[in-house]
Amino acid sequence: MKNRIDSFDLRLNRVLARKYRVLAMVGAGWEGEVYRVVEVGTGIERAAKLFFPHRNIGHRTSRSYAKKLYKLRHCSMLIHYQTEEVFTFRGIDVVALISEYVEGEMLSDFVKQLPRRRLHPFEALHFLYALSLGMEEVHRANEYHGDLHSDNIIVSRYGLRFDLKLLDLFHLGGSKVNNRRVDVCDVIRMFYDVLGGAPAYAKHPEAVKYICSGLKTSLILDKFPTMSRLRRHLEEMAWQ
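Residue numbers are given in my numbering: position 116 of the sequence shown equals residue 221, and the series is strictly consecutive.
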């Protein structure tokens, strides 16, 4: 495609839409890139998601995304959307969705810094509980995520309680039971991953193995057909 943009690679201090100065790139994905920016007039830091134009024909993708974030604005784990801006890049109009900026680090980076690059099982259960609580709010709003992985979750607090934020979410098509079941399996897969994955699995307590179910979809969904069922299990489980 002529003039196709596959990377913005914005320089430090570039100003977008005469309002936001670029501080750093936070992440990148299929749809575009996310930057940490500062609002020129107020000095308040924000996040800006820039959409590749060929992934956002007629602004359909960005507007669908904005509407979904607005619908889910009361969900505590989602970053709050604020406004849409348009700026010119190489002579092409680019949409930037501006949202709150959350301090923290990507789950993938967080895990790499841990001893043995994994959480202790008891810590991992707290992580799983925080993630299931947040996703339960999304599902109760009759929505889903659809693309949970360690590069779109921000850990902003770590300890007895985890504070997590979702950097991104899949947003094409309506929510169906199967979409929400995929979320359940993805949440448990992330639990499995932060515990060290396959190399550490054999030594985990039985309570952990019961939840992970060897990552077999049918076994997971038989035990936890909904996010609410998973959350209740975590609240009621006996730790030995």
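Every residue gets a Cβ at the ideal spot worked out from N, C-alpha and C, and that includes glycine.
In this text the structure is predicted, and so the values were computed from the model without any measurement.
Exposure label - residue i; buried when at least 16 CB within 10 Å
i       : result
Ala-307 : exposed
Ile-203 : buried
Arg-336 : buried
His-250 : buried
Arg-285 : buried
Arg-266 : exposed
Residue i versus the options, residue with shortest Cα-Cα distance
i       : options                            : result
His-159 : Gly-137, Met-295, Lys-281          : Gly-137
Arg-245 : Ser-204, Leu-177, Arg-119, Gly-196 : Leu-177
Pro-226 : Pro-330, Lys-314, Ala-129          : Lys-314
Met-211 : Arg-334, Leu-339, Ile-258, Glu-190 : Ile-258
Tyr-125 : Gly-239, Leu-339, Arg-294, Glu-205 : Glu-205
Arg-141 : Leu-271, Arg-262, Leu-115          : Leu-115
Trp-344 : Val-299, His-231, Lys-173          : His-231
Leu-233 : Leu-253, Lys-217, Arg-151, Gln-218 : Leu-253
Ile-149 : Ile-110, Val-127, Tyr-170, Thr-166 : Val-127
Asp-256 : Val-216, Phe-192, Val-199, Met-332 : Val-216
Glu-242 : Glu-228, Val-289, Gln-218          : Val-289
Residues bridged to residue i (per DSSP)
i       : result
Glu-189 : Leu-202
Glu-210 : Val-260
Ala-133 : Glu-138
Tyr-125 : Leu-121, Glu-144
Phe-194 : Ile-197
Start-to-end residues for the alpha helix (DSSP H) that takes in residue i
i       : result
Lys-154 : From DSSP, Lys-154 is part of no alpha helix (DSSP H) but of the beta strand (DSSP E) over 150-156.
Lys-173 : 165-176
Asp-298 : 282-299
Phe-329 : Element bounds for Phe-329: n/a, residue is neither H nor E.
N- and C-terminal bounds of the beta strand (DSSP E) containing residue i
i       : result
Leu-271 : 268-271
Collapsed DSSP secondary structure at residue i in the structure displayed
i       : result
Leu-183 : strand
Lys-321 : coil
Phe-215 : helix
Leu-339 : helix
Tyr-306 : helix
His-244 : helix
Phe-113 : coil
Leu-230 : helix
Leu-224 : coil
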